[in-house]
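Per our numbering, the very first residue in the sequence shown carries number 1094; after that it's consecutive. Cβ atoms here follow ideal geometry from the backbone N, Cα and C, with glycine treated the same way. Please read all numbers here as calculations on a predicted model, not as lab measurements.
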Amino acid sequence: MKTRTKVVVIGGGIAGCSTLYHLTQEGWTDVVLVERNELTSGTTWHSAAQVTNFGATQTMVGLKTHSIALYKELAEDPEYPINYHHADGGIRLANTEAQMEGYRHFISVAKGMGVDFELIDAEECARRHPLVSTDNLLGGLWDPLDGDIDPAQLCQALARRARLAGAEVYRNTPVTGLTQHKDDTWTVHTENGDIDCDIVVNACGYRVNEVGAMMGVHHPVASMEHQYFLTEPIKAIEESDFRMPLLRCPISDYYCRQEKNGLLVGFYEQDCKTWGMDGIDPNFVNALCPDDLDRVMDVLEGAFERMPALTEVGIHSIVNGPITYTIDGAPLVGPIPGKRNAFCIIGLRAGLGEGGGHGWLLAQQIVHGEACYDTWVIDPRRFTGHANVELTALKAIEDYQNEFRFHFPHEHRPAGRPAKTTPITPILAAAGAEFGVVNGWERMEFIKPTPDFHQTYSFKFNETFDVVAEEVKAVQTSVGMTEVNGFNRFEITGPGARDWLDTIVCSRVPKKIGKVGLTYLLNDHGNIKGEATLANLSEDKIWYGSAAASEYHDMDWLQKHLPKDGSVEIKSLTNDYTILVIAGPKSRDVLSAVSRGDWSKEAFPWLSVREAFIGIAPAVVMSVSFSGELAYEIHVPNNQLYAAYLALRGAGETFGMKLFGSMAVESMRLEKGYRHWKADLITEFNPFESDLPRFVKLDKPAFIGKDALLKMKEDGPRRSFVSLVIDCTHAPAHGGDSIVDADGKCVGTITSAGWGYRTSKNIAMGFVDPEFAAIGTEVFVEVIGESIAAKVVEPDLYDPEYARIRA
Ligand SMILES: Cc1cc2nc3c(=O)[nH]c(=O)nc-3n(C[C@H](O)[C@H](O)[C@H](O)COP(=O)(O)OP(=O)(O)OC[C@H]3O[C@@H](n4cnc5c(N)ncnc54)[C@H](O)[C@@H]3O)c2cc1C
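Shown next as structure tokens:
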């Protein structure tokens, strides 16, 4: 066994084998994998191993496409062929029009990744899958490349290829401890000796938290018991001249695929069970949980109705094994929060289908610092402090119970809520607030017009349309107030703070005390890493503000680049403060009524910051606006938030101040062309492509990503960010929808979209091929199955002169 290597991957299931192989593909061959038992002896060996291309986001579709291409290539390798039923095809069923609408949207998403799904009706479902009954069925989404693979052969093939490239695999080598050294390198302690290395990767499946504990972290991953059975041969299959397509049924929560001449049928029962919450038997190896078909009876009946053939066939065997889930259903693939040189590829609930792609994206992150796609949807840093073991278990159960039921826009499921609140959450609830969830925070979306108001979740505009219109009107004509909780806020202090930040962001750091500036952070490749508002509070104190979920992500990046001499310090105030925003032409009057001092335009113009009191509550007030109206962000310590809220509400009464929610904010920011981090601002594009040239100061001597950016600038844009107005009133576009030309060829992707109430326009933002970026260019957007005319417009659709913000 080596005693020194570059990377140690811990765990020899699909996650570890794929990572090891892809590291060698990225050029790192001095890498090893250690496995406590035999390869695939965790979950992987007994997986149903279905390999679908379906995904809800472009990143997920893209990584699955990679898996499929890789598996096909491995299967066809004459030296080591493996069993892969490639392209049997698969159907996701639907019995409601709303589900069909969702599928139309996902078809549009996949198109941008070069993947063609098809929407088929009930009769066509039955034609393609002769065992399916059309009762209570509307149709389904057809994935032509769906299939299944032999999981053990797959892992062996990946390990073999990795070995051929120089990697080493040590079986029967349990990792017993991890030590990190001052220079951030590691020693991996195993039962067979120590290995020193630069980087460790946790790929330990359901034992993720045993190995997490060795480095002092808890990962938000919980295991669920999951069962399938294999049937005896079915005559119709034996006589069929084609293999049965795969089937996933959100109506009755089961899936099935052909196995030999029978079926493999798996269940997502409501009466489901977590597993291993209080520790896992060390001897649970190549093992299964006890069969428990009674538990799946609710789902089994539905499966029998959908596939009557199941009632006539015997059960050959039952498999019940642990499967890992996270808080939002997507795995954790990337840097481990708060650690250096440590990565994970964990929480895979569909690891066979996705594992090829996840290992690919992880290896790119390890070797290059970033992957070819923006990986935020799988980034382990997307959850912060609230992501504890109990919350994870509740969300795992909920997700398992809804396995094939995708989330509709604005649908926030109830388990584990409320997780993060502020002192005024109950006050806002009493005022009728409907909340959504942002990184665990209960964020007000709109105020319900009546206590029993309900929205129908839909990809179309719904009952909230008129409600949000009224909130926007109040802001536009008088004044409104909203709470922005969970906003990420770092206090950066020290004599070197400003000069250091100047090397971190590509924009100008505000110089004058009392000034605020919007800035962008680039990664080493010159693409957009982050967006931050910098507020100059004193000679050596700057507040750094960024999106609500960015705390761990941004802290990770900033600390990595912190000067070693201690001249700059960073402290997170994210959980200590909350923002109250007042916006609208009367907002200055409200502020002046509750806070001493001169708040006039001259004394406190747009982009100013000042410490002040709101009534008796201390606050940091910034004149910044995400709505396009005159507005103030008032940052208040949480223990005095209610006091500040009462003071502002009291003062607002004179002006008929209304509460407004995040849906109104979303509409207004679209009309101003303001971007959202990780929707419109992603690591795939640089600030020029993202249409932010005014925030790039190339005359600065140095900033992270500058050299790479200069090179990219010379090469010209890969894609260009645009605003669009879409010619329809029944539905907004949705992130991931495809933008196509007159011939239906995909020329871009929507990043965010919604209705602009002040401009009466259906607005969208997205990236297009550069030749489609000129103002006035006509394109089409594929919105829930329809190709709708759209035009490229100036981003500032509302108040382009900024007269209202500066008023
Ligand atoms: C019944 C069932 C059906 C499924 N069907 C599908 C499907 O159809 N399609 C699909 O895509 N997915 C499916 N899955 C999920 C899929 O099987 C898993 O996502 C995948 O196998 C997880 O792989 P992994 O590598 O993350 O974990 P594992 O396979 O569990 O591998 C982790 C490895 O880490 C090793 N390890 C742990 N601790 C240590 C240590 N201290 N030192 C060294 N090594 C250690 C373990 O021994 C193990 O080999 C199914 C799962 C189940 C249970």
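Beta carbon of residue i, beta carbon of residue j: below 7 Å?
i: Pro1244; j: Leu1445; result: yes
i: Ile1621; j: Leu1774; result: yes
i: Val1358; j: Val1102; result: no
i: Thr1844; j: Gly1828; result: yes
i: Leu1614; j: Thr1626; result: no
i: Gly1232; j: Ala1187; result: yes
i: Thr1136; j: Gly1298; result: yes
i: Ala1826; j: Ala1857; result: yes
i: Pro1343; j: Gly1182; result: no
i: Val1815; j: Val1885; result: yes
i: Ser1760; j: Leu1723; result: no
i: Glu1318; j: Cys1382; result: yes
i: Gly1677; j: Leu1763; result: no
i: Phe1322; j: Ile1408; result: yes
i: Trp1650; j: Asn1578; result: no
i: Tyr1895; j: Arg1851; result: no
i: Lys1157; j: Gly1450; result: yes
i: Val1683; j: Ala1736; result: no
i: Thr1152; j: Tyr1466; result: yes
i: Cys1290; j: Thr1098; result: yes
i: Ser1813; j: Pro1863; result: yes
i: Phe1539; j: Thr1557; result: yes
i: Ile1881; j: Asp1820; result: yes
i: Tyr1550; j: Glu1496; result: no
Relative to the C-alpha of residue i, which residue among the options is closest?
i: Ala1628; options: Glu1405, Leu1700, Tyr1361 and Leu1393; result: Leu1700
i: Lys1903; options: Phe1539, Ile1597, Glu1504 and Asp1862; result: With the chain represented from 1094 up to 1900, any question about residue 1903 goes unanswered, as that position is not in the structure.
i: Gln1494; options: Ala1686, Asp1617, Ile1344 and Glu1362; result: Glu1362
i: Asp1588; options: Ser1631, Gly1623, Asn1616 and Val1568; result: What sits at residue 1588 in the sequence shown is Pro, not Asp. That would be Ser1631, whose Cα lies nearest to the Cα of Pro1588.
i: Glu1405; options: Glu1325, Pro1516 and Lys1604; result: Glu1325
i: Val1470; options: Val1833, Leu1739 and Asp1421; result: Asp1421
i: Ser1111; options: Gly1452, Tyr1418, Val1281 and Thr1158; result: Gly1452
i: Arg1474; options: Pro1428, Gly1448 and Ala1740; result: Pro1428
i: Glu1777; options: Leu1234, Gly1573, Glu1169 and Ala1464; result: Ala1464
i: Val1568; options: Thr1518, Met1750 and Glu1556; result: Met1750
i: Val1127; options: Cys1248, Ile1107 and Val1268; result: Val1268
i: Phe1552; options: Met1648, Phe1147, Glu1875 and Glu1172; result: Glu1875
i: Leu1455; options: Ala1141, Gly1659, Leu1116 and Gly1525; result: Leu1116
Report the three-state DSSP secondary structure of residue i (helix, strand or coil).
i: Ser1140; result: coil
i: Pro1428; result: strand
i: Ser1551; result: coil
i: Asn1620; result: coil
i: Met1761; result: helix
i: Met1441; result: Reading off the sequence, residue 1441 comes out as Leu, not Met. Leu1441: coil per DSSP, three-state reduction.
i: Thr1747; result: helix
i: Leu1224; result: coil
i: Val1310; result: coil
i: Ser1693; result: coil
i: Arg1510; result: coil
i: Gln1273; result: strand
i: Thr1112; result: helix
i: Glu1217; result: helix
i: Gly1414; result: strand
i: Thr1266; result: coil
Are any of the Cβ atoms in chain D nearer than 7 Å to that of residue i?
i: Ser1688; result: Reference to chain D is not applicable here, since this structure consists of a single protein chain.
Requested in this report: For the region 1430-1438 and the region 1296-1308, state whether three or more C-beta atom pairs, one from each stretch, are separated by less than 8 Å.
Outcome: With contact defined as three or more Cβ pairs closer than 8 Å, the region 1430-1438 and the region 1296-1308 are in contact.
Query - Whole runs of the beta strand (DSSP E) within the region 1583-1665, excluding any shorter than 3 residues - result: Correct list: 1609-1615, 1621-1631, 1634-1639 and 1662-1665.
Report task. Inspect the CB distances between the region 1674-1692 and the region 1700-1713 and report whether three or more fall short of 8 Å. Result -> By the C-beta criterion, the region 1674-1692 is judged to be in contact with the region 1700-1713, since at least 3 inter-stretch pairs fall below 8 Å.
Query raised in the report: Does the count of Cβ pairs from the region 1259-1277 and the region 1194-1211 closer than 8 Å reach three?
Result: Pairwise C-beta distances place the region 1259-1277 out of contact with the region 1194-1211, as fewer than three of them are shorter than 8 Å.
Query - At least three beta-carbon pairs within less than 8 Å, the region 1721-1739 to the region 1665-1674 - result: Contact between the region 1721-1739 and the region 1665-1674 is present: 3 or more CB-CB pairs across the two stretches fall below 8 Å.
Requested in this report: Examine the Cβ distances between the region 1848-1864 and the region 1581-1595 and report whether three or more of them are shorter than 8 Å.
Outcome: With the cut-off at 8 Å, the region 1848-1864 and the region 1581-1595 do not touch.
Query raised in the report: Counting Cβ pairs closer than 8 Å, one from the region 1212-1228 and one from the region 1172-1179, do we hit at least three?
Result: Using a Cβ-Cβ distance cut-off of 8 Å, the region 1212-1228 and the region 1172-1179 are not in contact, since fewer than three pairs of beta carbons, one from each stretch, lie closer than that value.
Query raised in the report: Can we say the region 1312-1322 touches the region 1414-1431, given the rule of at least three CB pairs closer than 8 Å?
Result: The region 1312-1322 is in contact with the region 1414-1431.
Query raised in the report: Between the region 1829-1843 and the region 1633-1647, do at least 3 Cβ pairs fall closer than 8 Å?
Result: Remark: fewer than three beta-carbon pairs, one from each stretch, lie closer than 8 Å, so the region 1829-1843 and the region 1633-1647 are not flagged as touching.
Query raised in the report: What are the complete alpha helix (DSSP H) segments, minimum 4 residues, inside the region 1118-1201?
Result: Taking only runs of at least 4 residues, the alpha helix (DSSP H) segments lying wholly in the region 1118-1201 are 1151-1168.
Query - Sequence ranges, alpha helix (DSSP H) only - wholly within the region 1794-1861, length at least 4 - result: Runs of the alpha helix (DSSP H) inside the region 1794-1861: 1799-1808.
Query - Three-pair Cβ contact test at 8 Å for the region 1241-1256 versus the region 1108-1122 - result: Counting Cβ pairs under 8 Å, three or more are found: they touch.
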